Structures are given as structure tokens and as C-alpha cells.
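S.K.: What follows is a single structure, and I will ask about it in a moment.
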Amino acid sequence: MYDISNIKKKMLTRDNVIYLIKKYKTPIWVYNADIIIKQIKKLEKFDIIRFAQKSCSNIHILKLMKQYNIKIDAVSLGEIKRAILAGFQPNNNDIVFTSDILEEKVLQEVIQKKIPVNAGSIDMLKQIGKKSPGHPVWIRINPRFGNGHHIKTNTGGDTSKHGIWNPIKALSIINQYKLNLIGLHMHIGSGVNTENLYQVCESMKKNAIQLNQKIKFISAGGGLKIPYSSKDTETDLEDYFNKWNNTKKIISSTLKCPLKLEIEPGRFLVGQSGILISKVYAVKNMGKNTFVLINSGFNDLIRPTLYGSYHKITVIYNSIKNTKNTPIIKSIIAGPLCESGDVFTIKKTGIIFPRNLPKVKPGDYLIIHDTGAYGSSMSSNYNSRPFIPEVLYKNGKFKLIRRRQTIQEMLSLETSL
Ligand SMILES: *Cc1c(COP(=O)(O)O)cnc(C)c1O
1 MYDISNIKKK MLTRDNVIYL IKKYKTPIWV YNADIIIKQI KKLEKFDIIR FAQKSCSNIH
61 ILKLMKQYNI KIDAVSLGEI KRAILAGFQP NNNDIVFTSD ILEEKVLQEV IQKKIPVNAG
121 SIDMLKQIGK KSPGHPVWIR INPRFGNGHH IKTNTGGDTS KHGIWNPIKA LSIINQYKLN
181 LIGLHMHIGS GVNTENLYQV CESMKKNAIQ LNQKIKFISA GGGLKIPYSS KDTETDLEDY
241 FNKWNNTKKI ISSTLKCPLK LEIEPGRFLV GQSGILISKV YAVKNMGKNT FVLINSGFND
301 LIRPTLYGSY HKITVIYNSI KNTKNTPIIK SIIAGPLCES GDVFTIKKTG IIFPRNLPKV
361 KPGDYLIIHD TGAYGSSMSS NYNSRPFIPE VLYKNGKFKL IRRRQTIQEM LSLETSL
């Protein structure tokens, strides 16, 4: 039921990849809309799916989400603007602003556009309460535990800056400023193990009943896992939904109010839809190690450097001649940046970790897989390298959804003063 490998194969034919390389050059991000749609469908039992757009914030991806009735979580003014540009209606619960701080310009925007605020700090509640009594708010509760695929993606417990530790105190501020509490939210991390995901249900139940308010929504947050390597498994969604749905029913009957159950995935919807295509420029032997150097680095995809994340990597040969019986070489795949951590085959400890890869030479191409989430959206201009293009594959056609940034555009912030 959950297999998406056939959808992947359809987009990733050699002809398609060569066409993209010729047309747009490398490096380049490509997303497969069919995979995003397939992932959306797996979650359709939830009352509301709210896409954590920070995972992949291209306006055209947001537009695709909108066609499938997805709502949006925005975490900055820029993300609110993106959602509005993609057609989401700000005063219609389409957009929720989640943060732990409220900068002046965001405060202005959420008040003016009546965007509900999911508050991760009591100070935020005070700031919005002073300026906009009656404003719809959520409490993002820190359930006092967290989890994630890496310590840096754990967003719960006393080592995390996220969420409100004492929801009872938040409620007293909400009452003091006559804010309108509409929902309770928990998000304990990204790439969370099942046991911890389920503990969130218990904590939500306990907190909701203790607060005893007539709310409209509860949110299970995001954090659902996707398989990056063949050893990984996807979260059992049937079971996950049932547990949350029971939680919803218990809270709803105890509080005597109808409730909608939200889920707020980022990675789950887009992670497997994306690839990064790059070109091999050098192959060097350094003592016992073979380095394959490509033209994308952690300025494009930072997950391996930041978290030691695993991404599957495959080869597309420039010429299909002599590609039979190619030897497998233990290769370290690295980027162009002047920084030794610019490596894609790396362990969580930061130690380089060779990967078995068919022998390549300059001019061949590497595809880094499952880069749809926290790929492009985490890119930077480090080493003064411009942002690379994004292409969307939909209905059998490729469409450019972001062009390559020019060096002139990148420098214009400094030259056009
Ligand atoms: C990042 C984030 C998510 C999404 O996390 P995933 O692991 O990508 O599903 C959801 N909610 C909030 C508040 C987040 O910050």
C-alpha cells in the first residue's frame, strides 16, 4: 500500500534526467508531485492536514498543497507572505503562525490579517493580548519530553527552547487579556520514534482536561518518519490515527465540545518527492580514501553536515557506453565548499563514512535522493554560491518553479545601497 518506488522510477528515467541536465544545468532540485499527492492521501483520515512549509516552502509546492485542501503552518513573516501568495486565505484558519517569539512586523501582520497565533511563549501571549484582545490563539505545550532523529531536531523537554512549559499560567494570561483560545498543540521533534509519538496523546489528554476550556482544535504536530535507507520504516499511520482519534474523542466528550484533529507534517509530505542532481567534477585518491567531488555542497543540502543524515545516492553516467560491470568503489562524496565538513557521506558523529558507489569519473552525474524536505529550504549562499533552480514534475511534465539565482542578484544587496 505504501510503496512509492514505481512513482519514483517513472520520473527518474535516464532520458528524463539527461533532459533536465541539458535544459537547466546542474545542480538542480526536482520534485515529483505524484509522491506528494500520494503522501497527502495517506493522511486523509485526519480532519485537517497542516503543512509545515518550512520543510519545502516554494510557492508552487504550496499551491499544489492547496489544491488538495491542505492548510499551512507558517513560522515567519516570509512564510506568511508565501502562503498568501499561494492563495491561502489568512482569516479562514488556512494559515496558523507558530513561533516562540513575535517580532513587531509579524505582530502587525497577524493582527491585520487575523491570523491565529500558536504561541510557544507566555511573552508572546502578553504581546498579542495587549494589542489585539479577542485574537485567536493556540497554546503550544511543551509536554516536558521530546524526541527526534537527532538531538538538534528534538523540540520537547527541558533542553528545548520550544513551547510553553506551564499551560495553566498561559491560560491565566489568555484570560487576563481576553484572548480567544481555540486550540492546543504539541510538536516534540522531527523524525520521532513511535513510542514517543504515542506519549504525546497521553500528554495532550492530560493537559486538555486539566485546562478544561472549550477549544476547537487539537494538533498532533509533525515529526512523522520517512524511510531514508532501506532499513528505515514509515510510521504505522493506521495505528497512529486511531490513537489520536481516540484521544480526540475522550477530550471532546470530557470537555463537552466538538473538536477537530490536526496533523502538521513537513517531512512526511515532501521528503521522498525530491532529488538533487549534481555533476561529478573530480575524483581523487587521498591515501586510502577515494573522494568524489560534485558541484553541490552543504550550501544546497545541509542535512548530512548538520545531522549526519543518510541520503541514498545513485549514478547517472554521462555516456551509457562501458557502464556494464563497473567496479564498486568505496567513495566519499563531497562538495565544492572550502570547508572540510562539506561531505554528504558522513555519520552522526561527524566522521566521514565511505559509501559503495559504482566507479564514476568527471562528467558523470550523482542523484542525491529524498531531499524534498529540509533541502532547498535550508540552503544558503555560503561561499557566495547562488541558490539553484527547482523543478516540479507533474502530469508527466517538468516545470521550472524557481529559476537559478544570478550572482548579480546575490551581490545586489551590497552593490545597490
Ligand atoms: C518543523 C515543524 C513541524 C514539521 O516537522 P516534520 O518533522 O517535518 O514533520 C511541525 N510543526 C512545527 C511547529 C514545526 O516546527
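Residue numbers for the sequence shown follow UniProt numbering, so the first one is 1 and each next one is one higher. We put the CB at the ideal spot given by N, CA and C, even for glycine. Note that this is a predicted model, so its numbers are computed, not measured.
Where does Met1 fall in DSSP's three states?
M.R.: Interpretation of Met1 is limited by its pLDDT of 47, a score under 50 that renders its predicted location unreliable; the figure taken from the coordinates is listed afterwards. In the structure shown, Met1 sits in coil (DSSP, three-state: anything other than H, G, I, E or B).
S.K.: By DSSP, does Pro327 sit in helix, in strand, or in coil?
M.R.: Reduced to three states, the DSSP call for Pro327 is coil.
S.K.: Looking at Val117 and Phe88, is the spacing between their C-beta atoms short of 9 Å?
M.R.: Their beta carbons are not under 9 Å apart, which means Phe88 does not touch Val117 by this criterion.
S.K.: Going by other Cβ atoms of all chains shown within 10 Å of its Cβ, with 16 needed for buried, is Met65 buried or exposed?
M.R.: With 16 or more Cβ atoms within 10 Å of its Cβ, Met65 is classed as buried.
S.K.: Return the bridge partner residues of Glu262 from the DSSP annotation.
M.R.: Glu262 pairs with Ile48 and Ser219.
S.K.: Measuring only the C-alpha atoms, how far is Ser412 from Cys338?
M.R.: Distance between the alpha carbons of Ser412 and Cys338: 23 Å.
S.K.: What does His369 pair with, by DSSP beta-bridge criteria?
M.R.: Beta-bridge pairing links His369 to Ile275.
S.K.: Which parts of the stretch 126-165 are runs of the beta strand (DSSP E), unbroken and 3 residues or longer, counting only runs that do not cross its ends?
M.R.: If we require 3 residues or more, the beta strand (DSSP E) runs fully inside the stretch 126-165 come out as 136-140.
S.K.: Examine the Cβ distances between the stretch 282-294 and the stretch 245-254 and report whether three or more of them are shorter than 8 Å.
M.R.: No, the stretch 282-294 is not in contact with the stretch 245-254.
S.K.: So for Leu77, helix, strand or coil by DSSP?
M.R.: If DSSP states are grouped into helix, strand and coil, Leu77 belongs with the helices.
S.K.: Below 8 Å, can you find three or more Cβ-Cβ pairs linking the stretch 272-284 to the stretch 355-370?
M.R.: These segments touch.
S.K.: Quick one: grab the DSSP three-state call for Arg402.
M.R.: Of the three classes helix, strand and coil, the one that applies to Arg402 here is strand, per DSSP.
S.K.: Shortest alpha-carbon distance to Asn325 belongs to which of His311, Thr349, Asn299 and Val360?
M.R.: Taking only the C-alpha atoms, the option nearest Asn325 is Val360.
S.K.: Would you list the one or two residues that DSSP bridges to Met186?
M.R.: Answer is none; Met186 lacks a bridge partner.
S.K.: Any idea which residues DSSP pairs Leu357 with across the strands?
M.R.: Paired residue(s): Ile329.
S.K.: Please go through the same chain and pick out, in chain order, the residues whose beta-carbon is closer than 6 Å to the beta-carbon of Gly297, but skip the five residues on each side of it.
M.R.: Contacts found: Gly335, Pro336, Leu337 and Asp342.
S.K.: Keeping to the same chain, check which residues put their C-beta closer than 8 Å to that of Lys348; ignore five residues upstream and five downstream.
M.R.: For Lys348, where only same-chain residues beyond five positions count, the Cβ hits under 8 Å are His150, Tyr307 and Gly308.
S.K.: May I ask you to check if the CB of Ala52 is nearer than 8 Å to at least one heavy atom of ligand 1?
M.R.: Result yes, Cβ under 8 Å from ligand 1.
S.K.: Quick one, are the C-beta atoms of Ser190 and Thr155 less than 9 Å apart?
M.R.: Yes, Cβ-Cβ distance for Ser190 and Thr155 is below 9 Å.
S.K.: Tell me whether His150, by its Cβ, gets closer than 8 Å to a heavy atom of ligand 1.
M.R.: His150 Cβ: outside cutoff for every heavy atom of ligand 1.
S.K.: What are the boundary residues of the beta strand (DSSP E) that includes Ile95?
M.R.: From DSSP, the beta strand (DSSP E) with Ile95 extends over Ile95 to Ser99.
S.K.: Note the first and the last residue of the continuous alpha helix (DSSP H) segment covering Leu306.
M.R.: Where Leu306 is concerned, the enclosing alpha helix (DSSP H) stretches over Arg303 to Tyr307.
S.K.: Give the straight-line distance between the Cα atoms of Asn180 and Pro136, rounded to the nearest whole angstrom.
M.R.: Using only the alpha carbons, I get a separation of about 5 Å.
S.K.: Work out the CA separation of Asn92 and Ile128 for me, nearest whole Å.
M.R.: Cα-Cα distance, rounded: 19 Å.
S.K.: Quick one: Cα of His311 to Cα of Asn175, how far?
M.R.: Taking the straight line joining both Cα atoms gives about 48 Å.
S.K.: Relative to the C-alpha of Thr323, which residue among Leu357, Leu301 and Leu293 is closest?
M.R.: Considering only alpha carbons, the answer is Leu357.
S.K.: So what's Asn245 in DSSP terms, helix, strand or just coil?
M.R.: Helix.
S.K.: If you draw a straight line from the C-alpha of Lys113 to the C-alpha of Val200, how long is it?
M.R.: For Lys113 and Val200, the distance between alpha carbons rounds to 31 Å.
S.K.: Tell me which residues share the same chain as Met378 and place their Cβ nearer than 6 Å to its Cβ, disregarding the 5 neighbours each side in the sequence.
M.R.: The residues are Ile302.
S.K.: Distance check for Arg14 and Leu387, CA to CA, integer angstroms please.
M.R.: The sequence shown places Phe at residue 387, rather than the Leu named in the question. Near 25 Å, if we compare the C-alpha coordinates of Arg14 and Phe387.
S.K.: Buried or exposed, going by whether 16 or more other CB atoms sit within 10 Å of the CB of Ile80?
M.R.: Flag for Ile80 reads buried.
S.K.: Taking the beta carbon of Gly146 as the centre, do at least 16 other beta carbons fall within 10 Å, making it buried, or is it exposed?
M.R.: It counts as buried.
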